[in-house]
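*Asks:* Protein chains in written order, with the numbering used here: chain A, 13 to 282; chain B, 13 to 282. Every residue gets a Cβ at the ideal spot worked out from N, C-alpha and C, and that includes glycine. Because the structure is a prediction, the values reported are computed rather than measured.
Now the structure itself:
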């Protein structure tokens, strides 16, 4: 029987998920998870404890309940269920009150809300990443915080979007194509923005796999072509002293935070 | 003197940030935060505690330290600093070991790593959202998990990207333009995918503000035009019984999770 997990919040439940996911990923087992956001009324809270209790009755196993609930009256109801509560907000707020010498004043929807004064900057960054993806225009490169370089399908687009979405960074990206390979060099606009350049590279075998699933048995996807492109691009990075990372075994989270760590770009938080 | 906060991890530090940010946002004060990811060696860990201790010596205030460190030897070093540790992993892993009756087997980079078998599906979803943004093509609408509708600048693009990035959902979006307004109706391909349609709307005054900052004093940005478009679009949603949300006071996190909550679409986690 798979252990059942509930993520519950009177907000988006994103915090409860991230928190619970981090804790559960320490265990070598599978869980069956259900997320219930926006539990803002006592009626909804009561329907949620019914779900938790039904799961206990059916399986005989107490569900795990991760929650990040701001409203005390909602939290009390959830506490009364047959699940086992892991309440990280409450656990850490009291000691922090002691350390800071001030009382917490919880406001719902503050964590993932729009009140943050940098919210507009984030939306601007997302639009910037969309408009300056894949070298479709070079007009706005001077406004970039960072410009990712790399061959087709090495991870530029997801990384640019993640940098903009998660950290509010204006990330452009520029692709090197098959046609560039005979005489690989940086376009003038990129030379001018040299300090913003950051390279991505990838294992040629993995690149071949990815491209095969896009355009099977083409020159573009051939292992020979993948090897050639990766070799040329890495040589350019070294010659021009452009910092770079290998994306082969890394998620967008890892690639993006590695880029920030190596460049010293500031992380905004939303 | 602003209270100093450190987010520290031997991984991306995204979990430490989300966790700490959620706890700190319960307090009505400003913090000065520094994130240090990829603390993977004892040498780096020692340079980190020097930073923490220097801050204490300079300010006389103990820094707050949120960490999510998997490697025990690194965690021990960080513990020895003059900061006050808030260690949510350790705090919750032991009780969970008891509940589950199994030992945790921590593996670094599992939380935000690529091992997750649905990782490819996530990248596919991101590429899908990029390729099917703003109605640039209608060819792949049949493959969407959800299709967001709305007037220009009501929040379709950031919401689609967030749904794909955070939850692995294939989100397309389709704009209603000025020219559609005389006789507003659904294109054939959207009628065919009616169950996937979800509307966004926005307060006309806010829309006017946003459009003014894009294209000042145009017909497009006039309050009159904003009012007209919002009115027509909301009438269409009601007539066609398309569920919709108002994005005016909500972040992309709130809009996206509200959409999932109302449609019952499954959240994947990465």
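If you draw a straight line from the C-alpha of residue 97 (chain A) to the C-alpha of residue 77 (chain A), how long is it?
*Replies:* So the two alpha carbons sit approximately 5 Å from each other.
*Asks:* Is the Cβ of residue 279 (chain B) closer than 8 Å to any Cβ of chain A?
*Replies:* It does: the Cβ of residue 279 (chain B) has a partner Cβ on chain A nearer than 8 Å.
*Asks:* Using a Cβ-Cβ cutoff of less than 7 Å, which residues in the same chain neighbour residue 166 (chain A) once the five nearest sequence positions on both sides are dropped?
*Replies:* Counting only Cβ-Cβ distances below 7 Å, and skipping sequence neighbours, we find 212, 213, 214, 219 and 259.
*Asks:* Does residue 125 (chain B) pass the burial test, meaning 16 or more other C-beta atoms within 10 Å, or should it be called exposed?
*Replies:* With 16 or more other Cβ atoms within 10 Å, it is buried.
*Asks:* Along the beta strand (DSSP E) that carries residue 119 (chain B), what are the first and last residues, could you check?
*Replies:* It is not in any beta strand (DSSP E) - residue 119 (chain B) carries neither H nor E in the DSSP assignment.
*Asks:* How far does the alpha helix (DSSP H) with residue 174 (chain A) in it reach, from first residue to last?
*Replies:* Unbroken alpha helix (DSSP H) run through residue 174 (chain A): 168-179.
*Asks:* Within the stretch 73-118 of chain B, note down every full alpha helix (DSSP H) run reaching 4 residues or more, in order along the chain.
*Replies:* Fully enclosed alpha helix (DSSP H) runs of 4 or longer: 84-91 and 100-112.
*Asks:* To the nearest angstrom, how far is the alpha carbon of residue 71 (chain A) from that of residue 13 (chain A)?
*Replies:* If I take the Cα positions, the gap works out to 8 Å.
*Asks:* So, for residue 75 (chain B): in the same chain, excluding its five sequence neighbours on each side, which residues have a beta-carbon less than 7 Å away from its beta-carbon?
*Replies:* Answer for residue 75 (chain B): 16, 17, 18, 64, 67, 68 and 95, listed in chain order.
*Asks:* Measure the C-alpha to C-alpha separation of residue 115 (chain A) and residue 105 (chain A) and round it to an integer number of angstroms.
*Replies:* Distance between the alpha carbons of residue 115 (chain A) and residue 105 (chain A): 9 Å.
*Asks:* When the Cα atoms are used, what is the spatial distance from residue 250 (chain A) to residue 144 (chain A)?
*Replies:* Straight-line Cα distance between these residues: approximately 25 Å.
*Asks:* Comparing alpha-carbon positions, which option in A:163, A:28, A:179 and A:257 lies nearest residue 192 (chain A)?
*Replies:* Comparing Cα-Cα distances from residue 192 (chain A) to each of A:163, A:28, A:179 and A:257, the minimum goes to A:163.
*Asks:* How would you list, in chain order, the residues of chain B whose beta-carbon sits under 7 Å from the beta-carbon of residue 26 (chain A)?
*Replies:* Within chain B, the residues near residue 26 (chain A) are 265 and 269.
*Asks:* Just verifying my parser: in three-state terms, what is the DSSP assignment at residue 232 (chain A)?
*Replies:* Coil.
*Asks:* Measure the alpha-carbon distance for residue 138 (chain A) versus residue 178 (chain A) and round it to whole angstroms.
*Replies:* So the two alpha carbons sit approximately 9 Å from each other.
*Asks:* Looking at the unbroken beta strand (DSSP E) that takes in residue 184 (chain A), where does it start and where does it end?
*Replies:* That run of the beta strand (DSSP E) goes 183-188.
*Asks:* Taking C-alpha atoms, which residue in A:134, A:136, A:32 and A:83 lies nearest to residue 118 (chain A)?
*Replies:* Measuring from the Cα of residue 118 (chain A), the nearest candidate turns out to be A:83.
*Asks:* Beta-carbon of residue 68 (chain A) versus every beta-carbon of chain B: anything under 8 Å?
*Replies:* Chain B, which has no Cβ nearer than 8 Å to the Cβ of residue 68 (chain A), makes this no.
*Asks:* Please confirm whether residue 273 (chain A) has its beta-carbon closer than 8 Å to some beta-carbon of chain B.
*Replies:* It does; some Cβ of chain B falls within 8 Å.
*Asks:* As a quick exercise: from A:101, A:247, A:154 and A:223, pick the residue whose alpha carbon is nearest that of residue 196 (chain A).
*Replies:* Out of A:101, A:247, A:154 and A:223, A:247 has the C-alpha closest to the C-alpha of residue 196 (chain A).
*Asks:* Cβ of residue 38 (chain A) less than 8 Å from any chain B Cβ?
*Replies:* It does; some Cβ of chain B falls within 8 Å.
*Asks:* Counting only Cβ pairs nearer than 9 Å, list the residues of chain A close to residue 139 (chain B).
*Replies:* By Cβ distance, chain A contributes 169 and 170.
*Asks:* Which ranges does the beta strand (DSSP E) cover as unbroken runs of at least 3 residues, wholly within the stretch 132-165 of chain B, from first to last along the chain?
*Replies:* Fully enclosed beta strand (DSSP E) runs of 3 or longer: 158-163.
*Asks:* Is residue 28 (chain B) near residue 93 (chain B), with beta carbons less than 8 Å apart?
*Replies:* No.
*Asks:* Nearest-angstrom Cα distance between residue 135 (chain B) and residue 176 (chain B)?
*Replies:* So the alpha carbons of these two residues sit roughly 8 Å apart.
*Asks:* Between residue 148 (chain B) and chain A, is any beta-carbon pair separated by less than 8 Å?
*Replies:* Not closer than 8 Å to any Cβ of chain A, the Cβ of residue 148 (chain B) fails to qualify, so no.
*Asks:* Relative to the alpha-carbon of residue 22 (chain A), which residue among A:44, A:45 and A:50 has its alpha-carbon at the smallest distance?
*Replies:* Of the listed residues, the one whose Cα sits closest to residue 22 (chain A) is A:50.
*Asks:* Do you know whose CA, among A:161, A:57, A:182 and A:278, lies nearest residue 254 (chain A)'s CA?
*Replies:* Out of A:161, A:57, A:182 and A:278, A:161 has the C-alpha closest to the C-alpha of residue 254 (chain A).
*Asks:* Does DSSP classify residue 16 (chain B) as helix, strand or coil?
*Replies:* Of the three classes helix, strand and coil, the one that applies to residue 16 (chain B) here is strand, per DSSP.
*Asks:* Indicate whether at least one CB of chain B lies closer than 8 Å to the CB of residue 22 (chain A).
*Replies:* No, no contact with chain B.
*Asks:* Any C-beta of chain A sitting closer than 8 Å to the C-beta of residue 286 (chain B)?
*Replies:* Outside the displayed span of chain B (13 to 282) sits residue 286 (chain B), for which this structure offers no information.
*Asks:* Starting from the N-terminal side, write out each stretch of the beta strand (DSSP E) that is 3 residues or longer and does not extend beyond the stretch 197-263 of chain B.
*Replies:* Listed in chain order, they are 209-213 and 256-258.
*Asks:* Quick check on the DSSP output: the alpha helix (DSSP H) that includes residue 29 (chain B) runs from which residue to which?
*Replies:* Taken as a continuous stretch (DSSP letters only), the alpha helix (DSSP H) holding residue 29 (chain B) covers 26-36.
*Asks:* In chain B, which residues lie with their C-beta within 8 Å of the C-beta of residue 131 (chain A)?
*Replies:* Residues of chain B passing the Cβ test: 263.
*Asks:* Taking 8 Å as the threshold (C-beta atoms), are residue 31 (chain A) and residue 100 (chain A) in contact?
*Replies:* In contact: residue 100 (chain A) and residue 31 (chain A) (Cβ atoms closer than 8 Å).
*Asks:* Give me the Cβ distance between residue 180 (chain B) and residue 133 (chain B), rounded to the nearest whole Å; I'm assuming they're in contact under 8 Å.
*Replies:* Residue 180 (chain B) to residue 133 (chain B), Cβ: 5 Å. Contact.
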